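J.: Quick note, the sequences are listed as chains U and L, same order. Here our numbering is used: the first residue of the first sequence is 875, the next is one more, and so on. Here our numbering is used: the first residue of the second sequence is 875, the next is one more, and so on. Below is the structure I would like to discuss, written out as structure tokens.
There are 2 protein chains.
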Amino acid sequence: MDPDINRRGLMLVLSSPSGAGKTSISRELLRREPTLSMSVSATTRPKRPGEVHGQDYFFVDATEFGLMVNRGEFLEHAKVFGNYYGTPRSYVEGKLSQGLDVLFDIDWQGTQQLREQAEADLVSVFILPPSTGELERRLNARAQDPAHVVAQRMSQAANEMSHWPEYDYIIVNRDLDASVAQVQAILMAERTRRERQIGLGDFVRRLRDGR
Amino acid sequence: MDPDINRRGLMLVLSSPSGAGKTSISRELLRREPTLSMSVSATTRPKRPGEVHGQDYFFVDATEFGLMVNRGEFLEHAKVFGNYYGTPRSYVEGKLSQGLDVLFDIDWQGTQQLREQAEADLVSVFILPPSTGELERRLNARAQDPAHVVAQRMSQAANEMSHWPEYDYIIVNRDLDASVAQVQAILMAERTRRERQIGLGDFVRRLRDGR
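In structure tokens:
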């Protein structure tokens, strides 16, 4: 990126069936990319041990969530496993206008809403598991989840995967490091896209005028 | 890239005013990217010392070039500094269908023709010099070119630069290594684009069916 040229941040959406490794990829990406931060969602789901309000989520009650929806304060919102999740619009806009990128860990429904609200800023990546066996293994490996939640997730996974054709980029996650490197390349490439660079017209005019 | 999924190669176009460093970037890219090779053009310009027919160019006379145009054998062709250059269609198609990428060092007019013929396979990158002074310095550094050719190129450079808004990606070439890394990221990202991966639908069906 040229010092004379600013850039508008982008919204990086990673979607996948649970168990495809998206959480590990996100964690590693955030470690490696200093201008990328996780979108902080509002949610009605109960706080889990170790989670911090305003950092992991904004934990709000169902009434407050409904008021936020009515005030148009969400870029997208959805009900997942009985709880509500939403992305506050002002939080994201603040980041993008400072040239910072925002990472979204949302499903196909949230992605469709984001696309309607902010298509030009959106870069969408779908992560697929390498095999059904590997997907089952990863879902069962989450010891804290009861069996009926795992079964619900396998069915949810098949449904989620049917939406891969709506995404810009598709990564089959065989190897964490390789997948993270692929997403980093997508970020680097998208940052050099003409339409995300602000001030190119003036820069070229100065070049042509010899100033 | 998943072993079950094939990909169609892409056509990477690098355009820039002469003197912006495109030739150095291309050379380094070809060294680093094993699936990328330079498009071999047909040309009517005289062979220079050290150039090899069929490797640097297919050297043909003006009559043969005209016949090739009439037979529709070029993806694009143009007259540059009094000589004709053209990209043989069959050569490129052969590479793309084998999943190999082809690099094009052509100007905005050639890029427009390629876009008309093969938009879906095209990835276009425009390289800008960091400053007018640097551009002049680089043009004068080409000792083998006479002064009137340098002057012609400065004027050509201003014209060429006016076409930056037609390109997908824009790179300001301040540092060779950084610019090469940016083009490599573009290649890696474009290779993971949904529409360049063949067999994703079958792959996801197998995942969902548990096979």
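Quick reminder that beta carbons are idealized off the backbone N, C-alpha and C, glycines included. Every value quoted in this text rests on a predicted model; they were computed, and no experiment measured them.
Taking 6 Å as the limit between beta carbons, can you name the residues of its chain near L:Ile-899, skipping five residues before and five after?
T.: For L:Ile-899, where only same-chain residues beyond five positions count, the Cβ hits under 6 Å are Ser-1053, Val-1054.
J.: Report the neighbours of U:Asp-1042 on chain L: residues whose CB is nearer than 7 Å to its CB, in chain order.
T.: Arg-1067, Arg-1068, listed in chain order.
J.: Does L:Leu-996 come within less than 8 Å of chain U when only Cβ atoms are used?
T.: For L:Leu-996, the answer is no, since every Cβ of chain U falls outside 8 Å of its Cβ.
J.: Do you know how far the Cα of L:Asp-930 is from the Cα of L:Pro-923?
T.: Those two C-alpha atoms are separated by around 11 Å.
J.: Grab the span of the beta strand (DSSP E) containing L:Glu-950 for me, first residue to last.
T.: Per DSSP, L:Glu-950 belongs to the beta strand (DSSP E) from 948 to 954.
J.: Starting from U:Ser-971, follow the alpha helix (DSSP H) in both directions and report where the run begins and ends.
T.: First-last of the alpha helix (DSSP H) with U:Ser-971: 963 to 971.
J.: For L:Thr-917, count neighbouring Cβ atoms within 10 angstroms of its own Cβ and tell me buried if that reaches 16, exposed if not.
T.: Buried, since its Cβ has 16 or more Cβ neighbours within 10 Å.
J.: Taking all protein chains shown into account, decide if U:Phe-955 is buried (16 or more other Cβ within 10 angstroms of its Cβ) or exposed.
T.: Under this definition U:Phe-955 is an exposed residue.
J.: Which partner residues does L:Val-1046 have in the DSSP bridge list?
T.: Answer is L:Leu-1002, bridged to L:Val-1046.
J.: Determine whether the Cβ of U:Arg-1082 lies closer than 8 Å to any Cβ atom of chain L.
T.: Cβ-Cβ to chain L under 8 Å: yes for U:Arg-1082.
J.: Should U:Ile-1021 be flagged as near chain L, meaning a C-beta pair shorter than 8 Å?
T.: Residue identity check: residue 1021 of chain U is Ala in the sequence provided, not Ile. No - not a single Cβ of chain L is within 8 Å of the one on U:Ala-1021.
J.: If U:Ser-915 sits next to U:Thr-961, beta carbons under 8 Å apart, how far is it from one beta carbon to the other, in whole angstroms?
T.: Their Cβ separation, rounded to whole angstroms, is 6 Å, which keeps U:Ser-915 and U:Thr-961 in contact under 8 Å.
J.: Determine the burial state of L:Glu-1034: buried for a count of at least 16 other Cβ atoms within 10 Å of its Cβ, exposed for fewer.
T.: L:Glu-1034 is buried by the Cβ-count criterion.
J.: In terms of alpha-carbon separation, which member of U:Arg-1079, U:Lys-953, U:Gly-1007, U:Ala-1059 lies closest to L:Ala-1032?
T.: The shortest Cα separation from L:Ala-1032 among U:Arg-1079, U:Lys-953, U:Gly-1007, U:Ala-1059 belongs to U:Arg-1079.
J.: So which residues on chain L does U:Ala-1025 lean against when the C-beta distance must stay under 9 Å?
T.: Correct list: empty, because the minimum Cβ distance to chain L is about 14 Å.
J.: Please tell me whether L:Val-887 has its Cβ less than 8 Å away from any Cβ of chain U.
T.: Judged by the 8 Å Cβ criterion, L:Val-887 is not in contact with chain U.
J.: What would DSSP say about L:Ala-916, mapped onto helix, strand or coil?
T.: L:Ala-916: strand per DSSP, three-state reduction.
J.: By Cβ distance below 6 Å, which residues in the same chain neighbour L:Gly-883 in space, the five residues on each side in sequence not counted?
T.: Result list for L:Gly-883: Lys-969, Leu-970, Gly-973, Leu-974, Asp-975, in chain order.
J.: At least one CB of chain L closer than 8 Å to the CB of U:Val-1054: is that the case?
T.: Closer than 8 Å: no.
J.: Are the beta-carbon atoms of L:Leu-910 and L:Leu-988 separated by less than 8 Å?
T.: Contact: no.
J.: Please confirm whether L:Gln-1071 has its beta-carbon closer than 8 Å to some beta-carbon of chain U.
T.: Judged by the 8 Å Cβ criterion, L:Gln-1071 is in contact with chain U.
J.: Below 8 Å CB to CB, which residues in the same chain sit around L:Gly-1073 once its five sequence neighbours on both sides are set aside?
T.: Within the same chain, L:Gly-1073 has close Cβ partners Asp-878, Ile-879, Asn-880.
J.: Listed in chain order, which residues of the region 982 to 1014 of chain L have Cβ atoms closer than 9 Å to some Cβ of chain U?
T.: Flagged, chain order: Val-999, Phe-1000, Leu-1002, Pro-1003, Pro-1004, Ser-1005, Thr-1006, Gly-1007, Leu-1009, Glu-1010.
J.: Using a C-beta cutoff of 8 Å, does U:Leu-884 count as contacting chain L?
T.: So no, U:Leu-884 is outside the interface.
J.: Report, in whole angstroms, the separation of the C-beta atoms of U:Ile-1045 and U:Val-1057, which I expect to be a contact under 8 Å.
T.: So it is a contact: roughly 7 Å between Cβ atoms.
J.: Of all the options L:Val-887, L:Gly-895, L:Leu-888, L:Pro-891, which has the alpha carbon lying nearest to the alpha carbon of L:Asp-1051?
T.: Looking at the Cα atoms, L:Gly-895 is the closest of the given residues.
J.: Inspect the CB distances between the region 992 to 1008 of chain U and the region 933 to 944 of chain U and report whether three or more fall short of 8 Å.
T.: Touching, no, given that fewer than three Cβ pairs across the two stretches are closer than 8 Å.
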